[in-house]
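Novice: Dropping the structure in here first, questions after.
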Amino acid sequence: MPRKKLNRRGNKEGSIYQRKDGRWSGQVTFGYQDNGKPLRKTYYGDTREEVAKKVTQAVGESFNGLKPTQPRLIKVGDYVKNWVLKFKRTQISPLTLEWYLNIVNNHIMPAFGHIAVKDLTTYHVQELLVSMTTDGVFQQRTIKGIRDILKQAMDHACLMALITTNPVAGCRLQKRERNPEKDDAKVIPVELRKVILDAAASDPVMKPIITTLMFTGLRCGELLGLRWENVSFEKSTLTIAASVARAPEFNANGECIGRSNVLSPPKTKSSYRTIRVSSVVLDALRAWKAYIEPRCPNQSGFVFCSTRGGGMRSYYGFRSSYRHFLQRHGLHEQGINLHSYRHTFASMLLEMGVNPRVVQRLLGHADISTTLGVYTHVIREVYDNVADGLTDVYEQTVQGTYKPKVI
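Each step along the sequence shown adds one to the number in the numbering used here, with nothing skipped, and position 355 is 355.
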């Protein structure tokens, strides 16, 4: 009777076979030498299961070429950066990749670069998060980014059998009260809004741009990515379907080697949206269309195209033009950046009593908590007026003159 073969390897076990002496052996290839010969290590055990466990662990420890015989040398900082470049890179945009690498290089590396992956504890991470929140210097987005990136990377370390449990899973973020004065600074004051609109009134290029920004709440990239096919004068709508960004380009080591203007999908699924706009915006766009078409007959279809040929405006070039506009009218010291118009638009809606859910849809926020969190100072003022409003409703109801207002 032929002997049953027992030397076939299992799924994801590497090369495992039984020796003549009855013991089991497994080999893992970790790379190749300059002369083309493979770099291998052999593991031994009395059972297939024992060897398979060693092989699986060795594969995890060999992540990005690190030596499996020295797992203590796999440091948190190196591992997280390798995880970002090898695995996360294909799932995120270049701008998000740049943000990930900034978090890793500026925060995770300095804090945990010397700690081995197997030695990282919940206390290590929680202590850093608490200290950064207490300092009040760092943005909450940065602190949350540290926690989230570490958690994802350590989940991968668990998958690679480097660790058995994720030490970051139990870490919690501390709540930080927003500073109303700081939030107010992002919104253009009412009296200054008139000054800006008056300054733009005589500028055929900046008038439609500023009007659209202030009364639609578009992000700067969304404005530049807007095409005439996305504008419906008949339906009074704009469709946000693309965004222009100054995207970085990285080499294999995660070093930025240049930047280029790219047209990409909107920031999130919720950012892809169709919104109704006011007649003020539509009139400004009609005037702009009549102005630009005779001057750029071969334009690429972008609404706010370059006036020097009709192509897609670059992100930095657009910011430069806006900066010059502010300087010409003595507004450069007012702290009015392009994102201020988005904050102003949202604040105006909330001041009008528009439902925050509607504001969320118009802004393209993926989560209502973003809308409620960023504009808390305005919402509180609106809610403070609810009691007075209910008094008016009562009096009108008693008098029989109440008519509900649909928002």
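By construction, the Cβ of each residue, glycine as well, lies at the ideal position given by its N, Cα and C atoms. No experiment lies behind these values; they were computed from the predicted model shown.
Along the chain, which unbroken stretches of the alpha helix (DSSP H) at least 4 residues long are found entirely within the region 94-178?
Specialist: 94-103, 109-112, 122-135, 140-159
Novice: What does the Cβ neighbour count give for V358, buried or exposed, with the cut at 16 atoms within 10 Å?
Specialist: exposed
Novice: Secondary structure at T239, three-state DSSP: helix, strand or coil?
Specialist: strand
Novice: Counting along the chain, where does the alpha helix (DSSP H) carrying T216 start and finish?
Specialist: 206-216
Novice: For a test of the three-state rule: what should DSSP assign to C220, helix, strand or coil?
Specialist: In this structure, DSSP gives C220 a helical state, which the three-state scheme calls helix.
Novice: Just the Cα atoms here: how many angstroms apart are L338 and C220?
Specialist: 7 Å
Novice: Buried or exposed: which applies to L97, given that a residue is buried once 16 or more other Cβ atoms fall within 10 Å of its Cβ?
Specialist: buried
Novice: Could you tell me which of S93, V104, Y43, A287 sits nearest to A245, measuring between CA atoms?
Specialist: S93
Novice: Take A200 and list the residues in its own chain whose beta-carbon comes closer than 6 Å to its own, dropping the five residues that flank it on each side.
Specialist: M206, K207, I210
Novice: Less than 8 Å separating the beta-carbons of Y79 and A153?
Specialist: Yes; because the gap between Cβ atoms is below 8 Å, this pair is in contact.
Novice: If you reduce the DSSP assignment to three classes, tell me which class P356 lands in.
Specialist: helix
Novice: Which residues in the same chain as E50 place their Cβ atom closer than 8 Å to its Cβ, once the five residues preceding and following it in sequence are excluded?
Specialist: W24
Novice: Spell out the partners DSSP gives L401 in its beta bridges.
Specialist: It should be pointed out that residue 401 corresponds to Thr in this sequence rather than to Leu. DSSP lists no partner for T401.
Novice: Counting along the chain, where does the beta strand (DSSP E) carrying R273 start and finish?
Specialist: R273 -> beta strand (DSSP E) spans 273-276.
Novice: Answer yes or no: do L128 and Q334 have a C-beta to C-beta separation smaller than 8 Å?
Specialist: no
Novice: In chain order, what residues of the same chain lie with their CB nearer than 8 Å to the CB of S224, ignoring the 5 residues before and after it?
Specialist: The question names Ser, yet the displayed sequence has Leu at residue 224. Excluding positions up to five away in sequence, the list reads S243, V244, F302, F304, M312, R313, Y315, F318.
Novice: Mapping DSSP to helix, strand and coil, what is P68?
Specialist: Bear in mind that a pLDDT of 47 at P68, under 50, signals an unreliable position, so the model cannot answer this.
Novice: Since Q91 is in the beta strand (DSSP E), which residue starts that stretch and which ends it?
Specialist: Segment: none, Q91 is in no beta strand (DSSP E) and carries neither H nor E.
Novice: Can you grab the Cα-Cα spacing for the pair S369 / Y44, in whole Å?
Specialist: 55 Å
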